[in-house]
Amino acid sequence: MNSIRRKFLKSTAFFSATVVTIGTGLLLPGRAFGAYMMKAFEAKDVSGALMEATGSDSYTESGDIKLKAPDIAENGAVVPVTVSSTLPNVESITIIAKNNPTPLTSTYMLQNGAEPFVSTRIKLGKTSDIIAVVKSNGQLFAATKEVKVTIGGCGG
Amino acid sequence: MATIKIRAKAKDGITTVKSLVSHPMETGLRKNKKGEKIPAHHVTEVNAVYNGNTVMTANWGPAISKNPYLSFKFKGGSTGESVKISWVDNKGKSDSLEAIIK
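Below is the structure:
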């Protein structure tokens, strides 16, 4: 009798925990937090990727964006990239690897006091321009830097 | 097992957050020894929350390196307050961690 009660209680606890987690959006496969930019990450060209990620594919080169990345990446699997900007009202930063099979590496939405700064490490399949695109006051600005790669990082 | 490490430091009115996520970040292009493609398995979104507000949402593709590093900054934040980072991947797995700002 006790073991049946224990089993029932155990399964109820699991069920309610699951319901709570689904409720908070944490268990929905791949769709938690917000709609994932599937199309943007599948785009095979820079223009398509930018359009899907930011709503526009035209940008102006700007000296107010600092793009830091190595001149030569010994290991294409781990290329450190840092983007910072003094442009006003930056709402997003997008990092594009021009010669990757799918150029969009990542997009960062900034709000509620976030500074226009992001630093991460990306994979480069081969020598490529990295384009850091900053959306400031609704317009796109960018800085470009070529990174030479000796060993490609996509593993393909 | 915690998959996130966070270092958050406040200085001159700006908090700098450095985080490391343990994740294979498989592109889906790699092949195993049998020649079969290893399926894509990577973090798709990272959320950073301070004071109840989302300060940064990162959308990540498979081109972010394995065991990804992420650093960002926001205005405000003082020693003792906390910042929370959460991630979710394309298989629906997720994790989050709250860290105290130093």
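Here the protein sequences come in this chain order: A and B. Sequential numbering of the first sequence, starting at 57, is according to this note's numbering. Sequential numbering of the second sequence, starting at 28, is according to this note's numbering. Beta carbons: idealized from backbone N, C-alpha and C, even for Gly. Bear in mind that the values here come from a model prediction, so they are computed numbers and not experimental data.
* Along chain A, which residues have their Cβ under 8 Å away from the Cβ of B:Lys93? -> Ala133, Val134
* DSSP three-state assignment for A:Ser103, whether helix, strand or coil -> helix
* Who are the neighbours of B:Ser98 on chain A, taking C-beta pairs under 9 Å? -> Thr138, Phe173, Val174, Ser175, Thr176
* Based on the DSSP secondary-structure assignment, which residues constitute the bridge partners of B:His68? -> B:Glu53
* When DSSP labels each residue in this structure, what does A:Glu171 get in the three-state scheme? -> strand
* Asked: With which residues is A:Ile117 paired in a DSSP beta bridge?
  -> Reading off the sequence shown, one finds Glu at residue 117 of chain A, where the question assumed Ile. Per DSSP, A:Ala198.
* In whole angstroms, what is the alpha-carbon distance linking B:Lys38 and B:Phe99? -> 14 Å
* Asked: Whole-angstrom Cβ separation of A:Lys154 and A:Thr138, contact assumed at under 8 Å?
  -> About 18 Å separates the two Cβ atoms, so there is no contact after all.
* **With 16 other Cβ atoms within 10 Å as the buried cut-off, status of A:Ile207** => exposed
* Using 7 Å as the limit for Cβ to Cβ distance, is A:Leu166 near chain B? -> yes
* **Bounding residues of the beta strand (DSSP E) (the contiguous stretch that carries A:Met93)** => Element bounds for A:Met93: n/a, residue is neither H nor E.
* Are any of the Cβ atoms in chain B nearer than 7 Å to that of A:Lys179? -> yes
* Closer than 9 Å, Cβ to any Cβ of chain B: which residues of the region 152-166 of chain A, in chain order? -> Ala153, Asn156, Pro157, Thr158, Pro159, Leu160, Thr161, Ser162, Thr163, Tyr164, Met165, Leu166
* Which chain A residues are close to B:Thr30, counting only those with a beta carbon under 7 Å from its beta carbon? -> Neighbours of B:Thr30 on chain A: none; closest Cβ ~14 Å, over 7 Å.
* When you compare only the Cα positions, how much space is there between B:Ser59 and B:Gly88? -> The residue you asked about is not Ser; residue 59 of chain B is Asn in the sequence shown. So the two alpha carbons sit approximately 21 Å from each other.
* To do: Taking B:Asp122 and B:Thr30 to be in contact with their CB atoms under 8 Å, please state how far apart those CB atoms are, rounded to whole angstroms.
  => 5 Å
* Asked: What number of angstroms, rounded off, separates the C-alpha of A:Thr99 from the C-alpha of A:Ala105?
  -> The sequence given here places Ala at residue 99 of chain A; Thr does not occur at that position. Near 5 Å, if we compare the C-alpha coordinates of A:Ala105 and A:Ala99.
* **Simplified DSSP assignment, three categories, for B:Glu125** => strand
* In chain B, which residues lie less than 7 Å from A:Met93 when you measure between Cβ atoms? -> Asn86
* Per-residue contacts from B:Val82 into chain A (C-beta, under 8 Å) -> Leu166, Gln167, Asn168, Gly169, Ala170
* To do: Kindly indicate which residue of A:Asn156, A:Thr163, A:Lys182 has the alpha-carbon position closest to the one of A:Val190.
  => A:Thr163
* **Delimiting residues of the beta strand (DSSP E) encompassing B:Ala35** => 31-38
* **Residue range of the unbroken beta strand (DSSP E) whose run includes B:Val48** => 41-48
* To do: Could you tell me how far apart the beta carbons of B:Val82 and B:Val76 are, in whole angstroms, since I believe they sit closer than 8 Å?
  => 7 Å
* Mind checking whether B:Leu97 and B:Ser49 have CB atoms under 7 Å apart? -> no
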